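Asks:
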Amino acid sequence: MLSISELEKSYPNKKVLNGVNLHIQKGEILGFVGGNGAGKTTTLNIITGILDCDKGAVSINGLTNKSGLEYKKQFFYIPDTIHVFNNVPGYDWILFLMSLFNIEDNEKLDEYIKVFDMEDSIKKSMGTYSYGMLHKMSLIAAFTINPPIIIMDEPINGLDPSAVVSFKEEIKKYVERGGTIFFSTHLLDVAEKICDTIAILKDGKIILHDKVKNIIGDSSLESIFMEAQIYERDTQPY
Amino acid sequence: MNQFTVLVKKELIQLVREIKLVWFPLVFIFLGITQPVVSYYMPSILEMLGGGQGISIDPSMMAQSGGEVLASTLGSQFDQLGVMIIVISLMGIVQSDKASGMLAFILTRPVKVGSYLSGKVFSHYVFIAFSVAVGYIVSYIYTQFLFTGIPLEDLSIALLLYLLWVLFIVSFTTMISTIFNSQGVIALLSIAILLGCRVIVGLNPFLDTINPASMSTYGMELLVGGVLNSNVFWSILITLILSALAINISNTWISRKKYRID
Numbered sequence: 004m005l006s007i008s009e010l011e012k013s014y015p016n017k018k019v020l021n022g023v024n025l026h027i028q029k030g031e032i033l034g035f036v037g038g039n040g041a042g043k044t045t046t047l048n049i050i051t052g053i054l055d056c057d058k059g060a061v062s063i064n065g066l067t068n069k070s071g072l073e074y075k076k077q078f079f080y081i082p083d084t085i086h087v088f089n090n091v092p093g094y095d096w097i098l099f100l101m102s103l104f105n106i107e108d109n110e111k112l113d114e115y116i117k118v119f120d121m122e123d124s125i126k127k128s129m130g131t132y133s134y135g136m137l138h139k140m141s142l143i144a145a146f147t148i149n150p151p152i153i154i155m156d157e158p159i160n161g162l163d164p165s166a167v168v169s170f171k172e173e174i175k176k177y178v179e180r181g182g183t184i185f186f187s188t189h190l191l192d193v194a195e196k197i198c199d200t201i202a203i204l205k206d207g208k209i210i211l212h213d214k215v216k217n218i219i220g221d222s223s224l225e226s227i228f229m230e231a232q233i234y235e236r237d238t239q240p241y
Numbered sequence: 005m006n007q008f009t010v011l012v013k014k015e016l017i018q019l020v021r022e023i024k025l026v027w028f029p030l031v032f033i034f035l036g037i038t039q040p041v042v043s044y045y046m047p048s049i050l051e052m053l054g055g056g057q058g059i060s061i062d063p064s065m066m067a068q069s070g071g072e073v074l075a076s077t078l079g080s081q082f083d084q085l086g087v088m089i090i091v092i093s094l095m096g097i098v099q100s101d102k103a104s105g106m107l108a109f110i111l112t113r114p115v116k117v118g119s120y121l122s123g124k125v126f127s128h129y130v131f132i133a134f135s136v137a138v139g140y141i142v143s144y145i146y147t148q149f150l151f152t153g154i155p156l157e158d159l160s161i162a163l164l165l166y167l168l169w170v171l172f173i174v175s176f177t178t179m180i181s182t183i184f185n186s187q188g189v190i191a192l193l194s195i196a197i198l199l200g201c202r203v204i205v206g207l208n209p210f211l212d213t214i215n216p217a218s219m220s221t222y223g224m225e226l227l228v229g230g231v232l233n234s235n236v237f238w239s240i241l242i243t244l245i246l247s248a249l250a251i252n253i254s255n256t257w258i259s260r261k262k263y264r265i266d
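Just so you know, the sequences run in chain order L and G.
Taking the working numbering, the leading residue of the first sequence gets 4, the next gets one more, and so forth.
Taking the working numbering, the leading residue of the second sequence gets 5, the next gets one more, and so forth.
1. Give a yes or no on contact between the segment 151-169 of chain L and the segment 81-90 of chain L, applying the rule of three or more CB pairs nearer than 8 Å.
2. Taking Asn-89 (chain L) as the reference, give the member of L:Cys-198, L:Leu-137, L:Val-118, L:Leu-20 with the closest Cα.
3. Answer with yes or no whether the minimum CB distance from Lys-111 (chain L) to chain G is below 9 Å.
4. Enumerate in chain order the residues of its own chain whose CB-to-CB distance from Tyr-241 (chain L) is below 6 Å, with the five nearest sequence positions on each side excluded.
5. Within its chain, find whatever has a CB closer than 7 Å to the CB of Gln-239 (chain L); leave out the 5 residues flanking it on each side and keep chain order.
6. Where DSSP assigns a beta bridge to Phe-78 (chain L), which residues make up the other side?
7. Alpha carbon to alpha carbon, how far is Ile-125 (chain L) from Leu-111 (chain G)?
8. Along chain L, in chain order, which residues have C-beta atoms closer than 7 Å to that of Gly-105 (chain G)?
9. For the alpha helix (DSSP H) containing Ile-217 (chain G), name the first residue and the last one.
10. Tell me which residue opens and which closes the beta strand (DSSP E) that Val-98 (chain G) is part of.
11. Would you tell me roughly how many angstroms separate the C-alpha atoms of Met-106 (chain G) and Glu-225 (chain G), rounded to the nearest one?
12. Excluding sequence positions up to five away, which residues of its chain have a Cβ less than 7 Å from the Cβ of Val-231 (chain G)?
13. What's the gap between the Cα of Gln-49 (chain L) and the Cα of Gly-59 (chain L)?
14. Our contact map puts Asp-83 (chain G) next to Ser-220 (chain G) with C-beta atoms below 8 Å; I'd like the distance itself, whole angstroms only.
15. Where Leu-53 (chain G) and Ile-251 (chain G) are concerned, what is the direct C-alpha to C-alpha distance, given to the nearest angstrom?
16. Using C-beta distances below 7 Å, list every residue in its chain close to Lys-171 (chain L), excluding the 5 sequence neighbours before and after it, in chain order.
17. Compare the Cα-Cα distances from Met-229 (chain L) to each of L:Asp-199, L:His-189, L:Lys-216 and report the closest residue.
18. For the segment 11-25 of chain G, which residues have a beta carbon sitting closer than 9 Å to at least one beta carbon of chain L?
19. Quick one: which chain L residues come within Cβ less than 7 Å of Pro-114 (chain G)?
20. Mapping the DSSP letters down to three states, classify Lys-116 (chain G) as helix, strand or coil.
21. Under 7 Å between beta-carbons, which chain L residues line up against Phe-134 (chain G)? List them in chain order, please.
22. Alpha carbons only, please: which of L:Gly-38, L:Val-19, L:Glu-179 is nearest the one belonging to Thr-46 (chain L)?
23. State the Cα-Cα distance for the pair Ser-13 (chain L) and Asp-57 (chain L), rounded to the nearest angstrom.
24. Given Ala-41 (chain L), which residues of its chain have a CB within under 8 Å of its CB, disregarding the five upstream and five downstream residues?
25. Output, in chain order, the set of chain L residues within a Cβ distance shorter than 8 Å of Leu-111 (chain G).
26. Touch check for the segment 30-39 of chain L and the segment 170-185 of chain L: three-plus C-beta pairs under 8 Å?
27. Specify, as a first and last residue, the run of the alpha helix (DSSP H) that Ile-218 (chain L) falls within.
28. Using the C-alpha atoms, what's the distance from Leu-163 (chain G) back to Leu-156 (chain G)?
29. Which chain L residues sit within Cβ distance under 7 Å of Val-108 (chain G)?
30. Any chance you could list the alpha helix (DSSP H) runs of at least 4 consecutive residues sitting entirely within the segment 34-65 of chain L, in chain order?
31. Checking 9 Å against the spacing of the C-beta atoms, do Met-121 (chain L) and Ile-143 (chain L) come in under that value?
32. Going by the beta-carbon positions, is the gap between Val-73 (chain G) and Leu-165 (chain G) smaller than 9 Å?
33. Any idea which residues DSSP pairs Val-23 (chain L) with across the strands?
34. Decide if the segment 136-150 of chain G is in contact with the segment 171-182 of chain G; the criterion is three or more beta carbon pairs, one per stretch, under 8 Å apart.
35. Please look up how many angstroms separate the CB atoms of Ile-204 (chain G) and Met-88 (chain G), rounded, as I've assumed it's under 8 Å.
36. Could you name the residues that DSSP lists as bridge partners for Leu-211 (chain L)?
Here it is, written out as C-alpha cells:
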C-alpha cells in the first residue's frame, strides 16, 4: 500500500530524516508517533509531495510521487493547519475538493455532514469556523472522497468529544471498506485505542514499528513511548 | 469539470466574494470617463480659474479629435494609474497563497502546477480585460458625445492591441508574485519594470518591436492617425511569447518547490 524506503531529508542546519523505512498494508490504521521535531511532519510533507526528499523513495499502490496526478489521487491529506478561504462556505470548499478528485456524490456528503453534526454551520463562511470545525470539515471531505489512504497530521486536535467518537466510528467503517489510515499524533491513548500498528519516530529514524498489542503487552503505549525515548530499540517489523 | 475549469471557477467565486467584480470595473469606468470630460471642460476650467490673472486658451488652438482623446485615455489614464491598479490588485495572486500555505495545500490535491497557474492567469486576465474594455467603451461613448466619432474597426483593433499589453502585465506580475515573498517588493518591482517598459517606447525601433508596452502605443497611433504600425505582427508575436515565458518561469519555480511551507 504505502511504502517508504530509506528516506533522508536535511535542512540547512539539521538532518531531520535519517533513513526512514515504513510499510503500511491495505486496511491498516497506523499511528505515527514521535516527540516534537522528530520528523513526523517532514515525513508527511514528503509523502504528500510538498517537499522533496534528499534520498529514498515513497510509493502508494506502486505509484511513486513522480507519477503526478495518479499518485495524488491515492490519498487525501489533512494537515495540522487547515488553509481555507475565509469568505467561502465550508460546503463550497468541500465541493471544490471533491471536484478535484472527480467525485460528485452529494448524498454521501450530506450524510457525513450529519455524522459530524455540521448541518448548521457547513453553509457559513469558513472564517467563522473554529479549529475543530475546520478539522471536522476536512474529515467530511476525506470520507466523502474515499481515497485509498487518508493521511492526517494530528487529526483529533480541536475535536469535541462527540466528534472524536464519530471520528473513531467513521475510520473503522472506512477501513472496513478497504481504506487505509496513516496519521501522526501526540495523543498516545487515542493512538493506542484506534490503531492497529504504531511506528515511533525518534531523531529521524523509526525506532519501533509493530502491532499495538505486541508493543504494549500488559503495559501502556505511554510508558512504552517514554521508554523508547530513552532506550532506542531496533525496528521490529511484524 | 476538468481541473482547469474547477480552478477558474474557484478564482471567479473569490473575485465575486471579494467584491472585486464590482469595484474594479468601476475604477476603469472612472478612468475612462476622466479623460474626455477633463479634455472637454479644460478650456472652461482654465478660463474660470484664470480669469483676470492671464491664464487663457488660445482660440486658434485646434480642437482635439475623438481619436486623440481616446488615445490619451489609453496613454495617460490606463497606462499610468490603470497599470498601477492592475499590479496592486494582482500582487498577491500567488504570493498570498504561498504565505498562507494555500499553495502547498492545493498542490497536495490532484492538481497540476500548470492548471493552478493557468487557472489563475486566465480568470484574472479575463476579468481585468473585461474591466479595461468596459472602461474603454465608456470612454468612447463620452468621447463620441463630446468630440468626434472613431471608426469602429480602429476602435476594436486598438482595444485588442491594448488587451495584449494587459495580458503581458498580468503574466509578468504573476511571475514576480511567484518569485518574491513581500507584496511591497512585488508591487514596486512590477510597477517600476512595467512603467519602465512604457517609458522607453519610441527610443529605438528594435526595442519597440520586442517591448510589450509598444502594443499600447500601436493602439494609440491607430486611433490618432488611422494607421497600423508595420512592426505590429512581430510585436504581437513577441508579446505572446514573453507572456508565455513569464507563466512558464512561474510554473518551473513552483514545480521546484520554491515556495514557503508553514
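Note that the Cβ used here is the ideal one computed from N, Cα and C, for glycine as well.
Remember, predicted model here, so these are calculated numbers, not experimental data.
Replies: Once the coordinates are examined:
1. Counting C-beta pairs with one atom in each stretch, the segment 151-169 of chain L and the segment 81-90 of chain L have three or more that are closer than 8 Å, which means they touch.
2. Here residue 89 (chain L) corresponds to residue number 86 of the first sequence, with the count starting at 1. Residue L:Leu-137 is the option with its Cα nearest to Asn-89 (chain L).
3. The residue labelled residue 111 (chain L) in the question sits at position 108 within the first sequence. Output row for Lys-111 (chain L): interface = no.
4. Taking the first sequence and counting its residues from 1, the one referred to as residue 241 (chain L) is at position 238. Legend: pLDDT at Tyr-241 (chain L) = 47, less than 50; position of this residue unreliable, no value from coordinates given.
5. The count along the first sequence starts at 1 and reaches residue 239 (chain L) at position 236. Low confidence applies to Gln-239 (chain L): its pLDDT is 49, below 50, so where it sits in the model is not reliable enough to give any reading.
6. On the first sequence, residue 78 (chain L) is found 75 positions in, with the first residue counted as 1. For Phe-78 (chain L), which the question treats as bridged, DSSP gives the partners L:Ile-152.
7. As a working note, residue 125 (chain L) is residue 122 in the first sequence. As a working note, residue 111 (chain G) is residue 107 in the second sequence. Taking the straight line from one Cα to the other gives about 24 Å.
8. Mapped onto the second sequence, residue 105 (chain G) falls at position 101. Against chain L, a Cβ distance below 7 Å from Gly-105 (chain G) picks out Thr-84, His-86.
9. What you label residue 217 (chain G) is simply residue 213 of the second sequence in a count that begins at 1. The residue asked about is misnamed: residue 217 (chain G) is Ala in this sequence, not Ile. First-last for Ala-217 (chain G): undefined, no H or E at that position.
10. As a working mapping, residue 98 (chain G) is identified with position 94 in the second sequence. From DSSP, Val-98 (chain G) is part of no beta strand (DSSP E); its letter is neither H nor E.
11. Within the second sequence, the letter at position 102 stands for residue 106 (chain G). Within the second sequence, the letter at position 221 stands for residue 225 (chain G). Computed Cα separation, rounded: 44 Å.
12. Residue 231 (chain G) sits at position 227 when you count from the first residue of the second sequence. Excluding residues within five positions, the ones whose Cβ falls inside 7 Å are Glu-225.
13. Reading the first sequence from its first residue, position 46 is the one you call residue 49 (chain L). Reading the first sequence from its first residue, position 56 is the one you call residue 59 (chain L). Residue identity check: residue 49 (chain L) is Ile in the sequence provided, not Gln. About 10 Å.
14. Here the question's residue 83 (chain G) lines up with position 79 in the second sequence. Here the question's residue 220 (chain G) lines up with position 216 in the second sequence. Rounded, the Cβ-Cβ distance is 6 Å, consistent with contact.
15. Along the second sequence, one-based indexing puts residue 53 (chain G) at 49. Along the second sequence, one-based indexing puts residue 251 (chain G) at 247. Cα-Cα distance, rounded: 50 Å.
16. Taking the first residue of the first sequence as 1, we reach residue 171 (chain L) at position 168. These residues qualify, in order along the chain: Ile-197.
17. Indexing the first sequence from 1 puts residue 229 (chain L) at position 226. Comparing Cα positions, the closest option is L:His-189.
18. Leu-11, Lys-13, Lys-14, Ile-17, Gln-18, Arg-21, Glu-22
19. The residue labelled residue 114 (chain G) in the question sits at position 110 within the second sequence. The answer, in chain order, is Leu-72, Lys-75, Lys-76, Leu-103, Phe-104.
20. Along the second sequence, one-based indexing puts residue 116 (chain G) at 112. The DSSP-derived three-state label of Lys-116 (chain G) is coil.
21. Within the second sequence, residue 134 (chain G) is the residue found at index 130, counting from 1. The contacting residues do not exist; Phe-134 (chain G) stays about 22 Å from chain L at best.
22. Position 43 of the first sequence, counting from 1, holds the residue named residue 46 (chain L). Among L:Gly-38, L:Val-19, L:Glu-179, the Cα nearest to that of Thr-46 (chain L) is on L:Val-19.
23. Translated into the one-based positions of the first sequence, residue 13 (chain L) becomes position 10. Translated into the one-based positions of the first sequence, residue 57 (chain L) becomes position 54. So the two alpha carbons sit approximately 7 Å from each other.
24. In the first sequence, counting from the first residue as 1, residue 41 (chain L) sits at position 38. Non-local C-beta neighbours of Ala-41 (chain L) in its own chain, meaning closer than 8 Å and more than five positions away in sequence, comprise Leu-204, Lys-205, Asp-206, Gly-207, ordered along the chain.
25. Counting from 1 along the second sequence, the entry for residue 111 (chain G) is found at position 107. Within chain L, the residues near Leu-111 (chain G) are Gly-52, Ile-53.
26. yes
27. The residue you call residue 218 (chain L) lines up with position 215 of the first sequence. Taken as a continuous stretch (DSSP letters only), the alpha helix (DSSP H) holding Ile-218 (chain L) covers 215-219.
28. Translated into the one-based positions of the second sequence, residue 156 (chain G) becomes position 152. Translated into the one-based positions of the second sequence, residue 163 (chain G) becomes position 159. Leu-156 (chain G) and Leu-163 (chain G) have their C-alpha atoms some 11 Å from each other.
29. Position 104 of the second sequence holds residue 108 (chain G). Reading the sequence as shown, one finds Ala at residue 108 (chain G) and not Val. Near Ala-108 (chain G) (Cβ distances below 7 Å), the residues of chain L are Ile-53.
30. 43-50
31. Position 118 of the first sequence holds residue 121 (chain L). Position 140 of the first sequence holds residue 143 (chain L). It is a contact, given that the beta carbons lie within the stated cut-off.
32. Here residue 73 (chain G) refers to the residue found at position 69 when the second sequence is read from its first residue. Here residue 165 (chain G) refers to the residue found at position 161 when the second sequence is read from its first residue. No, these two residues do not count as a Cβ contact at 9 Å.
33. Counting from one through the first sequence, the residue named residue 23 (chain L) turns up at place 20. Paired residue(s): L:Leu-10.
34. no
35. Stepping through the second sequence from its first residue, residue 204 (chain G) is reached at position 200. Stepping through the second sequence from its first residue, residue 88 (chain G) is reached at position 84. Wrong, their Cβ atoms sit about 18 Å apart, outside the cutoff.
36. Taking the first residue of the first sequence as 1, we reach residue 211 (chain L) at position 208. Partner(s): L:Ile-203.
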